[in-house]
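Student: Questions regarding the structure given below will be posed in turn.
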Amino acid sequence: MTAIGLSFLAIMGFGSATIFARLAMTRVGPMPVTFYSLCFSFAASGILAVIFASGDFITLPLVVLAWCVMLGTFNFLGGRNLSYLAVGRIGAARAGAIVGTSAVFASILAITLTGERPHWVVLVGTVVVVGGLATALGKNIMETAGGQSAGRRVAFIGYLLAFGAACCYGTTNVVVRQLTIDYTSPLVVATISLFFGILLVAPVAAKQAVEAIGELRQSPGFMVYAALSGLAAATGVNCTYFALQRAEVVVVAPIVSANPLFTLLLAALFLQQQENVNRWLVLGIAVTVAGVALVVLGSQM
């Protein structure tokens, strides 16, 4: 049950991170927000790692560094960067819902590569989760297809970016579980992968991030929101990594992928003018919750 509790904390972390990123993007583009959020995530995870797992850095095998480079590439250059770019094009609720399909990719890889054999109720729950996300998005995709050409192009690019982020996140779940079981603390894995993530994102985002500093004079709030996004994302990352150390990917991934539920709730409260939260989104999230409940039930069988 500890892993399930951590997974629900990850939901709140990732869900609120998306909202804070959306608020930061009202003044600057997605790339500066991505870069600064990564920096704050690294600082938060690094402090915790030094306090609670400093000894693990000394005995860390070199092979872990190689895997962390891969994690930094997929999780942050790929996952967070693509998801924030998607948020800037299609909104926090829709981007979050598509990114939630990462549970499918994670489950497929866990079953085929690491031999996980989940209870059939877990698999049904995963399908229900994805079905809920599809319900939430169906009407919005149809509206996009019927819109003006320019808006249609921007929206479809946003959907593709979000699906790319889902693929990246799904891949990293399998790698994280093996690293945290075989080698070192989740805090160490998160900190090192975030460090490499910053290095990989810097060539494409650092210039825009420096230019965005000029916005601090007119709108200092963007940096506050970027910082909150980074801290919330760090909570999501670390809770997910600890959950993966304690439970199989096929259990953790579907639960964490339900973070659009929390995103939708916050969007309805704080982004009413920026986010079109309709009944299809609400229905889809309700179905997603039912799927998560099945996953939790199946994990106890």
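As numbered in the numbering used here, residues 28 to 328 make up the sequence shown, in order. Cβ coordinates follow ideal geometry from the N, Cα and C atoms, glycine included.
1) Could you compute how far the alpha carbon of methionine 271 sits from the alpha carbon of proline 230?
2) Ordered along the chain, which non-local residues of its own chain (more than five positions away) have a Cβ less than 6 Å from that of cysteine 194?
3) Can you give the Cα-Cα distance for isoleucine 78 and leucine 255, rounded to whole angstroms?
4) If you drop the 5 nearest sequence neighbours on each side, which residues of the same chain put their C-beta closer than 6 Å to that of alanine 76?
5) Could you tell me which of Ile240, Gly73, Thr207 and Leu112 sits nearest to threonine 61, measuring between CA atoms?
6) Report back the beta-carbon spacing between serine 64 and alanine 48 to the nearest angstrom; my notes put them in contact at under 8 Å.
7) Measuring straight from C-alpha to C-alpha, what distance separates alanine 119 and methionine 97?
8) As a quick exercise: from Leu310, Val279, Ile184 and Asn286, pick the residue whose alpha carbon is nearest that of glycine 115.
9) Can you give the beta carbon distance from valine 160 to alanine 124, rounded, assuming they're within the 8 Å contact cut?
10) Taking Cβ positions, are threonine 199 and phenylalanine 41 nearer each other than 8 Å?
11) Where do the N-terminal and C-terminal ends of the alpha helix (DSSP H) with proline 230 fall, by residue?
12) Consult DSSP for arginine 244 and reduce its assignment to one of helix, strand or coil.
13) Applying the criterion that 16 or more other CB atoms from any shown protein chain within 10 Å of the CB defines a buried residue, is cysteine 52 buried or exposed?
14) Rounded to the nearest angstrom, how far is the Cβ of valine 201 from that of alanine 137, given a contact under 8 Å?
15) With three or more C-beta pairs closer than 8 Å as the rule, is the stretch 137-151 touching the stretch 258-266?
16) Please confirm whether valine 283 and serine 134 have their CB atoms less than 8 Å apart.
17) Going by DSSP in three states, methionine 97 sits in which element: helix, strand or coil?
18) When you compare each of Leu291, Ala295, Tyr252 and Gly311 to serine 68 by their alpha carbons, which one comes out closest?
19) Is it right to say methionine 28 is buried, meaning 16 or more other beta carbons lie within 10 angstroms of its own, or is it exposed?
20) From the DSSP output, in three-state form, read off arginine 49 for me.
21) Taking the alpha carbon of methionine 58 as the point to measure from, which residue in Cys95, Leu109, Ile31 and Ile208 has its own alpha carbon closest?
22) Alanine 172 by DSSP, collapsed to three states: which one?
23) Roughly how many whole angstroms lie between the Cα atoms of alanine 130 and alanine 280?
24) Use the C-beta contact count for valine 309: other C-beta atoms within 10 angstroms, 16 or more gives buried, fewer gives exposed.
25) Taking all protein chains shown into account, decide if arginine 121 is buried (16 or more other Cβ within 10 angstroms of its Cβ) or exposed.
26) Considering Cα atoms alone, identify which of Met250, Tyr210, Leu291 and Gly248 is closest to leucine 89.
27) Could you give the C-beta distance for leucine 104 and glycine 224, rounded to a whole number, given that I count them as a contact under 8 Å?
28) Following the continuous alpha helix (DSSP H) through threonine 61, name the residue where it begins and the one where it ends.
29) So the candidates are Met39, Cys95 and Leu226; which of them puts its Cα closest to the Cα of threonine 290?
30) Whose CA, out of Ile46, Val156, Ala182 and Ala192, lies closest to the CA of threonine 315?
Tutor: Judging by the given coordinates:
1) Per the sequence shown, residue 271 should be read as leucine rather than methionine. Going by the C-alpha atoms only, they are around 31 Å apart.
2) Residues of the same chain with a CB within less than 6 Å of the CB of cysteine 194, apart from the 5 flanking positions on each side, are Phe132 in chain order.
3) The straight-line gap from Cα to Cα measures roughly 21 Å.
4) The answer, listed in chain order, is Leu214, Val215 and Thr218.
5) Nearest to threonine 61 by alpha-carbon distance, out of Ile240, Gly73, Thr207 and Leu112, is Leu112.
6) The beta-carbon separation of serine 64 and alanine 48, rounded to 7 Å, stays under the 8 Å limit for a contact.
7) C-alpha separation (whole angstroms): 26 Å.
8) Taking only the C-alpha atoms, the option nearest glycine 115 is Ile184.
9) Reading off the sequence shown, one finds leucine at residue 160, where the question assumed valine. Rounded, the Cβ-Cβ distance is 5 Å, consistent with contact.
10) Going by beta carbons, threonine 199 and phenylalanine 41 fall outside the 8 Å limit.
11) That run of the alpha helix (DSSP H) goes 213-239.
12) Of the three classes helix, strand and coil, the one that applies to arginine 244 here is helix, per DSSP.
13) It should be noted that the sequence gives methionine, not cysteine, for residue 52. Burial of methionine 52 is indicated by the presence of at least 16 other C-beta atoms within 10 angstroms of its C-beta.
14) With 8 Å as the limit, valine 201 and alanine 137 qualify as a contact, their Cβ atoms being about 5 Å apart.
15) Touching, no, given that fewer than three Cβ pairs across the two stretches are closer than 8 Å.
16) Going by C-beta atoms, valine 283 is not nearer than 8 Å to serine 134.
17) Looking at methionine 97 - three-state DSSP - the assignment turns out to be helix.
18) Comparing Cα-Cα distances from serine 68 to each of Leu291, Ala295, Tyr252 and Gly311, the minimum goes to Tyr252.
19) Exposure of methionine 28 is indicated by the presence of fewer than 16 other C-beta atoms within 10 angstroms of its C-beta.
20) Helix.
21) By alpha-carbon distance to methionine 58, the top candidate from Cys95, Leu109, Ile31 and Ile208 is Leu109.
22) Because alanine 172 sits at a pLDDT of 49, beneath the cut-off of 50, its placement in the model cannot be relied upon, and the following sentence gives the value as read from the coordinates. In the structure shown, alanine 172 falls within a helical segment according to DSSP collapsed to helix, strand and coil.
23) Answer to the nearest angstrom: the Cα atoms are 5 Å apart.
24) Valine 309 should be labelled exposed.
25) Within a 10 Å sphere around the beta-carbon of arginine 121 sit 16 or more other beta-carbons, which makes this residue buried.
26) Out of Met250, Tyr210, Leu291 and Gly248, the CA that lies nearest to the CA of leucine 89 is found in Tyr210.
27) Contact between leucine 104 and glycine 224 holds, with the beta-carbon distance rounding to 6 Å and staying under 8 Å.
28) Per DSSP, threonine 61 belongs to the alpha helix (DSSP H) from 57-85.
29) Closest by alpha carbon: Met39.
30) Cα-wise, what sits closest to threonine 315 is Val156.
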